[in-house]
Amino acid sequence: MTPAGAAALREELRKLWEEERPKVVEVVSWAAGLGDRSENADYQYGKRRLRQIDGRVRFIRKRLEKVQVVDPAAQTRRDQVFFGATVTYARASDDAEVTITIVGVDEAESSQGRISWVAPVARALLGAKVGDTRKLRTPSGAEEIEVVDIAYPPA
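In our numbering, the protein residues as written are 151 to 305.
1. Using a Cβ-Cβ cutoff of less than 6 angstroms, which residues in the same chain neighbour Val220 once the five nearest sequence positions on both sides are dropped?
2. Write down the C-beta distance between Ala223 and Pro304 rounded to the nearest angstrom, noting that I regard them as a contact closer than 8 angstroms.
3. For Glu259, which three-state DSSP category applies?
4. Between the segment 235–244 and the segment 206–216, can you find at least three pairs of beta-carbon atoms closer than 8 angstroms?
5. Which residue from Ala246, Val271, Val298 puts its Cα closest to that of Lys279?
6. DSSP three-state label for Val237, please.
7. Beta carbon of Arg201: closer than 6 angstroms to some heavy atom of the ligand MG?
8. Buried or exposed: Val231, going by 16 or more other Cβ atoms within 10 Å of its Cβ?
9. Spatial neighbours of Tyr193 within its chain, please: C-beta separation below 7 angstroms, excluding the five flanking residues on both sides.
10. Please report the distance separating the alpha-carbon of Ala271 from that of Glu293.
11. Can you tell me which of Glu296, Gln225, Glu162, Leu184 puts its alpha carbon nearest to the alpha carbon of Arg206?
12. Taking just the CA atoms, how far does Gly185 sit from Ala156?
13. In angstroms with no decimal places, state the Cα-to-Cα distance between Asp245 and Thr283.
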């Protein structure tokens with residue numbers, strides 16, 4: 151995971167634990183004080199939301215315990231594609247150029263060009279240099295892609 155991805159997870163954890171959870175606990179306490187809980191929508195929804203928050207908090211905490219943060223700016227071999235690289239490649243089928251950034255699984259957002267390092271495109275590109283051609287298996291068959299540019303954040 152990149153440092154930015156780890157920081158985003160820590161911020162999500164902070165918001166859930168320090169902001170959202172206390173508000174939901176307050177609503178549940180208020181709703182519980184009204185009496186019959188079996189038909190109290192505020193109480194039932196609040197308890198469900200608390201379970202969701204607690205589950206997400208557990209997931210994030212476990213993830214942050216095990217995560218390996220890799221700073222792409224510290225990459226010394228900048229002529230090859232590694233984790234954190236921003237890569238521009240050309241598809242042989244239509245000569246379209248695509249720019250992607252290879253990030254951790256939790257940070258992937260295809261609409262913003264950030265793809266997971268385990269995605270087929272990223273796996274095909276890892277270790278490649280500018281000018282290298284790689285085969286990429288797609289649902290419509292094999293496709294050749296050529297690395298046009300490799301960039302890393304400044305050190």
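For glycine and all other residues, C-beta sits at the position ideal for the given N, C-alpha and C.
Looking at the atomic coordinates:
1. Residue numbering aside, residue 220 sits at position 70 when the sequence shown is read from its first letter. For Val220, where only same-chain residues beyond five positions count, the Cβ hits under 6 angstroms are Phe233.
2. The residue labelled residue 223 in the question sits at position 73 within the sequence shown. The residue labelled residue 304 in the question sits at position 154 within the sequence shown. The Cβ separation is near 6 angstroms, so the contact holds.
3. The residue given as residue 259 occupies position 109 in the sequence shown. Strand.
4. no
5. Here residue 279 refers to the residue found at position 129 of the sequence shown. Checked all of Ala246, Val271, Val298; the closest Cα to Lys279 is Val298.
6. Within the sequence shown, numbered from 1, the residue matching residue 237 stands at position 87. Residue state, collapsed to three classes: strand.
7. The ligand MG is absent from the structure shown, which contains no ligands of any kind.
8. In the sequence shown, the residue the question calls residue 231 occupies position 81. By the neighbour-count rule (16 or more Cβ atoms within 10 Å), Val231 is buried.
9. As a working note, residue 193 is residue 43 in the sequence shown. Val178, Ala181, Ala182, Arg187.
10. In the sequence shown, residue 271 corresponds to position 121, counting from 1. In the sequence shown, residue 293 corresponds to position 143, counting from 1. In the sequence under discussion, the amino acid at residue 271 is Val, which differs from the Ala named in the question. Between Val271 and Glu293, the C-alpha separation is close to 11 angstroms.
11. For the purposes of this step, residue 206 is identified with residue 56 of the sequence shown, where counting begins at 1. Nearest C-alpha to Arg206: Glu162.
12. Here residue 156 refers to the residue found at position 6 when the sequence shown is read from its first residue. Here residue 185 refers to the residue found at position 35 when the sequence shown is read from its first residue. Rounded to the nearest angstrom, the two C-alpha atoms are 43 angstroms apart.
13. For the purposes of this step, residue 245 is taken as the residue at position 95 of the sequence shown. For the purposes of this step, residue 283 is taken as the residue at position 133 of the sequence shown. The straight-line gap from Cα to Cα measures roughly 13 angstroms.
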